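Numbering (my numbering), first residue to last: 202 to 553. What follows is a short report on a single structure.
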Ligand code: IPM
Ligand code: MG
């Protein structure tokens, strides 16, 4: 019998539906070629779910995701929901999915494609290939927060267990790459960071081949611009990973190129989404870059379905269309051919 996988599809808001539609077409093409089938179940999350059900994330959506092999998500949020009560903002859907699905490990590869070297805003930089491993279900995002009489607070808390499992992921990915791990923290100020360092040092013995570098977040932000080509794997907390991944994205030329995978324990569904947001300013215009979502689909094939061949095919196809000069508006720098979301998607499908 033909292998069939269940994929939960959350198109979300803004450009989400456009870029997810592109990725689904690409996924269907690949699965047909390789002889497995994909069953997509669409569900709502984010602003569209607030409109429909009054909440950003329903139990129904959560259950569909929990019972799937993987989740593909476009983007959530937009100005329409900026003023809603903080407890029902669209972003709550993302945070809820991450927490409820136990997706503690967020992989954000930042790759500067040779063909896009022109799009890199840093003079003289022609290569970069970094994997950011961001802790995703702890830290200040999920710590105690609230208001006092005349103030407000958010709490950064990490247990040894939470740090250890993500640090190990960092080491493992480094082992599969260039065997260099950069740990980003603020150990000169934060107690949680000091615990991160202790845990890293105690784990390092299990990965003797990996060389470890510690950087404070402020310095790391600077080094990332100064010597982006020199990093291999970066492992860091939820908040610092959020910030650094946007910075790394900009160095690749456009955050429209960055895919991500959010993973939990083995055997549990992972969630895949472009790093960019819902880009309400260009939503519905058909000009969004679908590549980050298409590349996220490639990660989905590899990390959740074990269909490595499918993943490689997509990555190669994307590389080829970039080499052929196709550019959506975000990566168009005057040279090559300016294309729409649909044209870019079709080109990827053709090159498959
Ligand atoms: C990201 C986003 C989210 C985050 C927001 C939308 C809550 O910026 O995925 O990087 O901060 O994690
Ligand atoms: Mg972010």
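Yeah, the Cβ is synthetic: ideal placement off N, Cα and C, and Gly gets one too. Quantities reported herein were computed from a predicted structural model and do not represent experimental measurements.
Would you call residue i buried or exposed, if buried means 16 or more other Cβ atoms sit within 10 Å of its Cβ?
i: residue 413; result: buried
i: residue 335; result: buried
i: residue 235; result: exposed
i: residue 467; result: exposed
i: residue 361; result: exposed
i: residue 421; result: buried
i: residue 169; result: With the chain covering only 202 through 553, there is no way to say anything about residue 169.
i: residue 443; result: buried
i: residue 525; result: exposed
i: residue 354; result: exposed
i: residue 329; result: buried
i: residue 531; result: buried
i: residue 261; result: exposed
i: residue 203; result: exposed
i: residue 474; result: buried
i: residue 513; result: exposed
i: residue 434; result: buried
i: residue 287; result: exposed
i: residue 490; result: buried
i: residue 255; result: exposed
i: residue 306; result: buried
i: residue 293; result: buried
i: residue 310; result: buried
i: residue 387; result: buried
i: residue 456; result: buried
i: residue 545; result: buried
i: residue 508; result: buried
i: residue 438; result: buried
i: residue 423; result: exposed
i: residue 561; result: This structure cannot settle anything about residue 561, because the visible part of the chain is limited to 202 through 553.
i: residue 390; result: exposed
i: residue 363; result: buried
i: residue 535; result: exposed
i: residue 557; result: Residue 557 cannot be examined here, being either before or after the span of the chain that is shown, 202 to 553.
Quick one: grab the DSSP three-state call for residue i.
i: residue 176; result: The structure shown does not extend to residue 176, since the chain spans only 202 to 553, so no value can be given for it.
i: residue 357; result: coil
i: residue 473; result: strand
i: residue 221; result: helix
i: residue 308; result: strand
i: residue 552; result: helix
i: residue 417; result: strand
i: residue 479; result: coil
i: residue 320; result: helix
i: residue 412; result: strand
i: residue 539; result: strand
i: residue 501; result: helix
i: residue 281; result: helix
i: residue 514; result: helix
i: residue 366; result: helix
i: residue 326; result: coil
i: residue 314; result: coil
i: residue 262; result: helix
i: residue 455; result: coil
i: residue 230; result: helix
i: residue 401; result: helix
i: residue 373; result: helix
i: residue 509; result: helix
i: residue 491; result: coil
i: residue 293; result: helix
i: residue 428; result: coil
i: residue 407; result: coil
For residue i, write down the residues that DSSP places opposite it in a beta bridge.
i: residue 434; result: 332 and 382
i: residue 347; result: 354
i: residue 241; result: 208
i: residue 276; result: 213
i: residue 534; result: In the DSSP output, where bridge partners are listed per residue, residue 534 has none listed.
i: residue 523; result: Residue 523 is not bridged to any residue.
i: residue 464; result: 306
i: residue 271; result: 208 and 471
i: residue 528; result: 539
With 9 Å set as the bound, which would you pick, yes or no: does the beta-carbon of residue i sit closer than that to a beta-carbon of chain C?
i: residue 488; result: Among the chains in the structure shown there is no chain C, since it carries only a single protein chain.
*Taking any heavy atom of ligand 1 as the mark, which residues have a C-beta closer than 5 Å to it, listed down the chain?*
292 and 443
*Should the region 442-461 be called in touch with the region 344-352, which here means at least 3 C-beta pairs below 8 Å?*
no
*Below 8 Å, can you find three or more Cβ-Cβ pairs linking the region 511-522 to the region 467-486?*
no
*Are the region 202-219 and the region 238-252 in contact at 8 Å, needing three or more beta carbon pairs?*
yes
*Would you check if there are 3 or more beta carbon pairs closer than 8 Å linking the region 221-234 to the region 492-500?*
yes
*asked:* If contact is defined by three or more beta carbon pairs under 8 Å, each pair taking one atom from either stretch, is the region 320-329 in contact with the region 423-437?
replied: yes
*Do the region 391-409 and the region 263-280 meet, that is, are 3 or more Cβ pairs less than 8 Å apart?*
no
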